[in-house]
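The structure appears right after this line, and notes come after that.
Protein chains in written order, with our numbering: chain Y, 194 to 816; chain D, 50 to 519.
Pasting the structure below:
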């Protein structure tokens with residue numbers, strides 16, 4: 194029992210329960226002293242917020258900082274050692290690899306949860322009429338599906354970046370290991386709070402939470418706001434850490450243009466996350482305050498304007514889309530050369546196109562508002578800027594194609610998912626221009642065409658690359674390979690099912706099926722297509738279930754991975770053993786060539802640095 | 050940046066006694082690295098060694114099959130120098146096999162391997178055949194791109210992708226869709242054909258262990274595929290802007306219809322005639338100017354057959370406008386396209402496009418129907434103000450309490466007290482819905498705006514209507 198109570202996760206949960214109780218009690222107490230009747234909403238909001246703080250105290254997130262505040266010293270992050278075994282994943286570890294895996298586990302859990310929400314409402318949509326669930330529960334589910342998966346994606350990206358970036362650039366850890374752990378653990382209570390939204394009345398706004406609807410939605414809306422607010426913090430902290438790590442902690446000789454391309458993608462992503470996430474936190478906080486304190490930011494009756502919210506919201510939420518996809522595109526560029534045995538074509542152009550997408554991504558938000566009733570003269574300029582995204586994205590596609598051209602391709606599971614990612618993301622990209630062009634968007638906006646389009650971009654830009662990355666780096670984490678046969682079943686089941694699903698969604702969308710509807714008019718003739726889409730969605734879910742089984746079983750029973758199993762030039766494969774040891778490289782390495790010179794005989798990317806160089810190279814890592 | 054990687058080789062030396070080898074490679078090198086590259090050629094061992102020493106090229110291309118250049122002497126000088134230099138061994142014998150060594154990373158085993166392989170007689174045809182091999186694939190894939198583009202476009206343009214076209218505004222929009230479909234078909238085919246072709250033709254065959262062809266960048270190519278999409282994008286935006294302009298063309302004398310949305314109903318007011326209706330009647334081929342406003346949350350006006358869409362915002366200063374000219378007589382539905390709460394899915398109302406004569410008849414009928422019976426008027430106000438979307442009149446339970454049998458009933462309120470439903474209670478329940486909420490209802494659901502949007506006479510009419518529902 195005592196051992197159980199020393200696990201960070203458990204003490205965190207206890208802290209969250211206490212914090213929530215304190216928050217609710219505090220408000221109820223104050224109101225009771227003032228002789229007022231208890232009020233649920235303010236108490237719940239304060240409870241949720243203090244609950245998250247309570248979790249962070251419970252898990253030990255503030256311990257070292259409090260120690261420093263007292264003027265006492267703590268150990269250096271480099272001296273940190275985890276408990277051996279699986280237990281380390283349940284506690285407050287400072288090792289970037291452990292934190293990466295923790296992010297991954299939480300992300301996959303939320304993915305399963307968010308996917309399950311989709312299965313429930315897809316079952317409802319298989320037929321016209323309401324069969325299984327109420328209208329309100331349906332509406333809650335679509336919003337939950339959206340936001341739970343967005344948080345899952347953000348965590349999945351953090352998982353990949355945290356685990357891979359220090360390994361790829363030859364650092365011992367992230368720049369700020371304590372901040373890193375803090376950022377991860379913040380996401381845990383935030384995830385608990387967002388799930389709590391279902392049990393506190395839900396909300397009927399979709400994930401966008403537009404007021405005035407969100408200003409009058411049930412209490413679940415507030416839980417949603419609180420959760421997104423803190424998950425946003427987690428994202429900002431993580432982004433800051435990654436930027437510093439990439440800029441300051443690269444191996445000797447690794448100038449920016451010799452960095453692995455994934456590091457460029459993470460850099461671009463982190464720049465967006467660091468500078469834009471505040472806006473979504475702010476916009477949700479403003480609606481929350483409108484509800485709690487009557488501040489009429491978005492209430493026309495009080496001089497507010499509901500369109501203001503949409504501008505604030507999309508100013509983050511559009512760039513956020515690039516946060517979701519850029520790391521995935523980086524994974525594609527990272528894995529392609531390994532499996533086609535050729536250099537990445539146009540490395541500098543691919544690297545710069547990530548920054549280009551990030552930059553242009555900031556100037557396109559109002560394309561979500563072409564029909565919103567914003568000033569009409571804004572529509573044409575935003576159409577131009579939106580379509581401009583096609584240019585850097587095109588560079589990526591053409592470069593991948595040129596990389597594949599004449600390549601000696603090997604079809605291991607990671608490669609299959611990389612190819613799937615390119616094709617699916619291509620479909621997502623090509624269905625973009627009709628939405629970005631105002632005139633055709635007048636028809637398509639808020640239809641299932643949009644649903645099909647963004648599922649293509651997110652699967653192509655995130656899900657497929659994530660699976661590719663997991664199959665590829667899993668041996669580095671566990672020392673064992675995932676089962677190749679199950680991996681191939683996963684791929685060959687998921688890809689066609691997924692394509693059928695999104696093609697179906699786009700077809701009904703073009704014909705006039707609106708987004709976010711619990712039921713549809715039988716006269717429009719959407720029933721057969723919707724039925725097929727539902728079947729396809731269940732097949733996608735089945736394939737992911739196979740993936741989960743593979744993930745668990747291979748950890749114990751997978752084929753042992755020895756050495757450089759992918760014949761990669763990258764240091765984590767060519768130098769490190771599997772699983773990767775604590776604090777990564779025992780001896781620093783020098784970068785002596787380009788990262789992707791496959792096919793250039795005798796060339797090397799990295800070589801172990803001579804011993805005397807160790808002292809100059811060592812850089813401190815301070816939390 | 051001081052430690053940036055070496056620039057692309059721009060001093061290149063070609064060593065071969067074979068003139069075809071020298072010329073062929075020189076052309077290839079200039080083609081790949083651009084005109085800024087200086088290429089010099091040597092034909093004998095001594096000439097080669099001399100130039101290597103005096104000129105210090107970045108890259109030496111050596112004819113691997115040429116016996117007249119001594120490998121041992123060359124290698125000796127190559128490994129002795131300390132300036133960065135690479136050597137590329139090109140063998141035309143082994144159908145254009147290429148090996149590149151860097152002076153700094155050359156291992157003794159590689160040097161041995163280099164010296165011991167027997168030299169063969171030159172065969173220039175292989176170089177030419179290798180280039181045409183690459184060219185052949187390129188042309189072949191290019192043809193496939195065109196074929197697939199045609200097929201995809203044929204498939205998409207023969208499938209019924211859009212609903213019936215029923216407005217003047219839909220016509221330019223549909224033309225733009227056609228243009229976009231052509232562009233999508235082409236780009237899809239371009240990428241997919243080259244990838245799939247590569248997968249099939251160049252994939253690793255069993256037993257093959259060597260890497261793929263070594264080429265890593267081509268700036269002119271990158272610039273081309275930046276500029277072409279850029280101009281395509283500007284072109285598409287231009288057509289998009291023109292089309293948008295066409296959908297917004299305003300007639301000087303449109304039919305004015307005020308569209309009011311609320312949770313979850315549509316109301317259509319015809320100020321010219323003093324008519325309020327829950328169905329939208331439109332005369333064909335006459336432009337309607339819709340002024341759009343919402344009573345509560347954001348809704349969106351969309352008739353898929355008309356294509357155009359516009360959100361309705363709450364607030365007097367946020368009234369928006371939409372112009373629609375129906376072109377096809379028929380019955381359609383306006384469907385709310387912005388998430389607006391519980392019954393969003395069902396927020397649909399008929400939109401009926403009729404001939405001008407039929408429209409006039411409808412107007413006359415509506416004006417005559419307003420009538421003198423308060424209960425009949427109340428029934429109209431109830432349906433045109435959205436009451437009926439939450440309150441049934443046949444006893445079924447909906448979002449709000451049913452009106453059948455409501456009058457005279459005793460109701461338990463949220464605070465536990467009981468009240469008899471009479472005129473006063475109903476009046477309060479309409480103008481201030483949160484004052485006395487019944488126990489099994491949810492507060493804050495019913496709009497609190499009826500005290501402004503309904504006159505006291507209209508409320509009295511509605512109460513008279515409720516009284517008849519026993």
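C-beta atoms are modelled at their ideal positions from N, C-alpha and C, and glycine is treated no differently.
Integer Cβ distance of residue i from residue j, believed to fall under 8 Å
i, j, result
"residue 379(D)", "residue 402(D)", "6 Å"
"residue 149(D)", "residue 137(D)", "5 Å"
"residue 343(Y)", "residue 400(Y)", "7 Å"
"residue 630(Y)", "residue 319(Y)", "The Cβ separation is near 33 Å, so there is no contact."
"residue 535(Y)", "residue 205(Y)", "That belief does not hold up - the Cβ atoms of residue 535(Y) and residue 205(Y) are roughly 47 Å apart, past 8 Å."
"residue 372(Y)", "residue 430(Y)", "6 Å"
"residue 610(Y)", "residue 684(Y)", "6 Å"
"residue 434(Y)", "residue 368(Y)", "6 Å"
"residue 285(Y)", "residue 254(Y)", "7 Å"
Residue i - partner residues in DSSP beta bridges
i, result
"residue 783(Y)", "445(Y), 800(Y)"
"residue 379(D)", "402(D)"
"residue 346(Y)", "Per DSSP, none; premise fails for residue 346(Y)."
"residue 315(D)", "310(D)"
"residue 330(D)", "401(D)"
"residue 64(D)", "91(D), 111(D)"
"residue 154(D)", "DSSP output for residue 154(D) lists no bridge partner at all."
"residue 487(D)", "462(D)"
"residue 324(D)", "319(D)"
Helix, strand or coil at residue i [DSSP, three-state]
i, result
"residue 348(D)", "strand"
"residue 457(Y)", "helix"
"residue 459(D)", "strand"
"residue 91(D)", "strand"
"residue 211(D)", "coil"
"residue 476(Y)", "helix"
"residue 733(Y)", "helix"
"residue 384(D)", "strand"
"residue 442(D)", "coil"
The ligand MG heavy atom lying under 8 Å from the CB of residue i
i, result
"residue 288(Y)", "The ligand MG is absent from the structure shown, which contains no ligands of any kind."
Segment limits, beta strand (DSSP E) that includes residue i
i, result
"residue 661(Y)", "Counting along the chain, residue 661(Y) falls outside any beta strand (DSSP E), though it belongs to the alpha helix (DSSP H) covering 657 to 671."
"residue 520(D)", "Outside the displayed span of chain D (50 to 519) sits residue 520(D), for which this structure offers no information."
"residue 361(D)", "358 to 361"
"residue 343(D)", "337 to 343"
"residue 370(D)", "369 to 373"
"residue 469(D)", "467 to 469"
Where the alpha helix (DSSP H) through residue i begins and ends
i, result
"residue 527(Y)", "499 to 533"
"residue 377(Y)", "370 to 392"
"residue 677(Y)", "677 to 703"
"residue 765(Y)", "764 to 767"
"residue 249(Y)", "233 to 252"
"residue 429(D)", "423 to 433"
field: contact_flag[the stretch 354 to 363 of chain Y, the stretch 259 to 273 of chain Y] where n(CB pairs < 8 Å) is 3 or more
entry: no
message: Within 8 Å, do at least three Cβ pairs link the stretch 620 to 630 of chain Y to the stretch 674 to 681 of chain Y?
response: no
message: Whether or not the stretch 481 to 493 of chain D and the stretch 402 to 416 of chain D are in contact is what I'm after, with contact meaning three or more pairs of Cβ atoms, one per stretch, closer than 8 Å; do they touch?
response: no
message: Quick test of the definition: if touching needs 3 or more C-beta pairs under 8 Å, does the stretch 547 to 561 of chain Y touch the stretch 578 to 594 of chain Y?
response: yes
field: Cβ pair count under 8 Å reaching 3, the stretch 288 to 296 of chain D against the stretch 216 to 233 of chain D
entry: yes
query: Touch check for the stretch 217 to 224 of chain Y and the stretch 391 to 400 of chain Y: three-plus C-beta pairs under 8 Å?
result: With a cut-off of 8 Å on Cβ pairs, the stretch 217 to 224 of chain Y is not in contact with the stretch 391 to 400 of chain Y, counting fewer than three such pairs.
query: Does the stretch 315 to 335 of chain D come close enough to the stretch 248 to 262 of chain D to have 3 or more Cβ pairs within less than 8 Å?
result: no
message: Does the structure place the stretch 334 to 341 of chain D close enough to the stretch 435 to 448 of chain D that three or more beta carbon pairs sit under 8 Å?
response: no
message: Does the stretch 501 to 521 of chain Y come into contact with the stretch 449 to 463 of chain Y, if we say contact requires no fewer than three beta-carbon pairs (one atom in each stretch) closer than 8 Å?
response: yes
message: Counting beta carbon pairs with one atom in the stretch 598 to 607 of chain Y and one in the stretch 532 to 552 of chain Y, are three or more of them shorter than 8 Å?
response: yes
- prompt: Counting pairs of beta carbons, one from the stretch 450 to 463 of chain D and one from the stretch 508 to 518 of chain D, are three or more of them closer than 8 Å?
  reply: yes
- prompt: Is the stretch 261 to 274 of chain D touching the stretch 296 to 308 of chain D, taking contact as three or more C-beta pairs under 8 Å?
  reply: When Cβ pairs closer than 8 Å are counted between the two stretches, the stretch 261 to 274 of chain D is seen not to touch the stretch 296 to 308 of chain D, the count staying below three.
task: Check each residue of the stretch 467 to 501 of chain D: if its Cβ is closer than 7 Å to any Cβ of chain C, include it; give the result in chain order.
output: Chain labels in this structure do not include chain C; the protein chains are Y and D.
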